[in-house]
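Heads up: the sequence shown begins at 1 in the UniProt record's numbering, then just goes up one per residue. A short write-up of the structure that comes next.
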Amino acid sequence: CWHKKVLVEKAGPEDRIGDVYVDISKTWEVYKAWRDQLTRPNYQPGGLRRPKWMPRPWFPIDDEYWKFPSA
């Protein structure tokens with residue numbers, strides 16, 4: 001979930017229920033500035049942000065998982 005700054009104003013006579021406007025290009029520019037200027041580079045082995053042993057809701061599956069045991 002991203003916390004975003006929003007501008008809320010009283011509905012005008014031409015506004016209808018559900019009218020929402022999002023400037024996608026401005027949002028993308030803000031995201032890129034955050035990513036490039038405020039985050040640390042990823043130097044983890046395998047390009048992962050966290051080690052595989054650390055609990056997470058989703059994790060990459062190793063290639064070893066797909067190998068069948070030798071009979």
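All C-beta atoms, glycine included, are put in the ideal place defined by N, C-alpha and C.
For glutamine 37, the secondary structure class from DSSP, reduced to helix, strand or coil, is helix. The three-state reading of DSSP puts tyrosine 31 in helix, counting H, G and I together. Residues of the same chain with a CB within less than 8 Å of the CB of arginine 49, apart from the 5 flanking positions on each side, are Asn42 in chain order. Glutamine 37 has its alpha-carbon roughly 28 Å from the corresponding atom of proline 55.
DSSP places lysine 10 outside both helix and strand once states are collapsed to three, so it counts as coil.
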